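Offset between the sequence shown (1-based) and the numbering used here: plus 347.
Beta carbons are placed, not taken as given, at the ideal position from N, Cα and C, and that holds for glycine.
Remember, predicted model here, so these are calculated numbers, not experimental data.
To start, the structure itself, in structure tokens.
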Amino acid sequence: VRQIAGDALQADAGESLQASVERDEKRRQLEKQIAAKYGAPTAEALAESALENIRRLERFGFDELVVSVKSSDVKLMIEANRLIAAACPYPLHLGVTEAGPRRTGLVKGAIGIGALLADGIGDTIRVSLSDDVTEEVEAGRSILRALGLTGGVNLISCPTCGRCRTDLISKARALEKRLAAIRTDRVVNVALMGCAVNGPGEAAGADLGCACGNGDALLFVGGKTVGRINENEIEETLVAEVEKWLAGKTG
348 VRQIAGDALQ
358 ADAGESLQAS
368 VERDEKRRQL
378 EKQIAAKYGA
388 PTAEALAESA
398 LENIRRLERF
408 GFDELVVSVK
418 SSDVKLMIEA
428 NRLIAAACPY
438 PLHLGVTEAG
448 PRRTGLVKGA
458 IGIGALLADG
468 IGDTIRVSLS
478 DDVTEEVEAG
488 RSILRALGLT
498 GGVNLISCPT
508 CGRCRTDLIS
518 KARALEKRLA
528 AIRTDRVVNV
538 ALMGCAVNGP
548 GEAAGADLGC
558 ACGNGDALLF
568 VGGKTVGRIN
578 ENEIEETLVA
588 EVEKWLAGKT
598 G
């Protein structure tokens, strides 16, 4: 620890160390005395281990730290990071480690990372997936966008029901793909609703939206109805309206 702190102090200004503790079944990352004290890698054990490592670095004069306490157990990861956040002032790097393939990994990451970010805990994130790294980046962006912490186009769409008279599932998938390619620092909410009962209210509540009927859809811009379009025009129309909205040409 002394050598690591010394090397870091001699490094370029602004560099920091990551004090990282990750849970595994053999408790390799927990000090022997902490493992003996708790008997298992509990949230308290992970937090105590991280805090002890922080104190060691501080004793050698180093306090440029980023703290990372991860686990493949979502609830454990959340509880441990809440304990750390309450006990030290350092920025936290969040992640559910070894979360699995894309679908299950995204669910675990969204719950663990999202729960903490929603409480104002966390400074950087990593979504861990057994997939291409680009999928991890997109998953991270989706989590941040859902919490309103980064810009992007947020698609609001309803589950199908007996009132739906259009193929909403395929329309939502196609629209989501198109909207994901639009990069912006602003948050734009786009609603795609499947019926004329609840649809108009939800579509009017978004920045832009469509409420589908039987073969057509009402188009909403800025909370107002601006026209009726054929259902085959929904995707192109909403993409075009998003681009106009971002360019300030709407209204």
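Spatial neighbours of Ile581 in its own chain (CB-CB distance under 8 angstroms, excluding positions within 5 residues in sequence) are listed in chain order as Lys518, Leu522, Leu539, Cys557, Cys559, Ala564.
Put simply, the segment 432–443 touches the segment 404–424. At least three CB pairs are less than 8 angstroms apart.
Here Cys542 is buried: its Cβ has 16 or more other Cβ atoms, across all protein chains shown, within 10 Å. Judged by beta-carbon spacing, Leu555 lies beyond the 7 angstroms limit of Glu583, meaning their Cβ atoms are not closer than that value. DSSP places Ala564 within a strand segment (E or B) once states are collapsed to three.
Boundaries of the alpha helix (DSSP H) harbouring Val484: 480–493, taken from the DSSP string. For Leu555, the enclosing beta strand (DSSP E) begins and ends at 555–559. Assignment of beta-bridge partners to Thr471 by DSSP yields His440.
Between Leu423 and Glu578, the alpha-carbon positions lie close to 46 angstroms from each other. By alpha-carbon distance to Gly548, the top candidate from Arg533, Arg530, Phe567 is Phe567. Per DSSP, the beta bridge partners of Ser504 are Leu539. Judged by DSSP in its simplified three-state form, Arg512 adopts coil rather than helix or strand. Excluding its 5 nearest sequence neighbours in each direction, Trp592 has C-beta neighbours in its own chain below 7 angstroms: Val535, Asp554, Leu555, listed in chain order. In this structure, Leu463 is the residue among Ala446, Val421, Ser418, Leu463 with its C-alpha nearest to the C-alpha of Ala432. Within the same chain, Gly459, Ala462, Leu463 come within 7 angstroms of Ile425 by CB-CB distance, once the 5 residues on both sides are set aside.
Distance from the Cα of Gly570 is smallest, within the candidate group Ser504, Gly552, Ile576, Leu453, for Gly552. Excluding its 5 nearest sequence neighbours in each direction, Leu491 has C-beta neighbours in its own chain below 7 angstroms: Thr497, listed in chain order.
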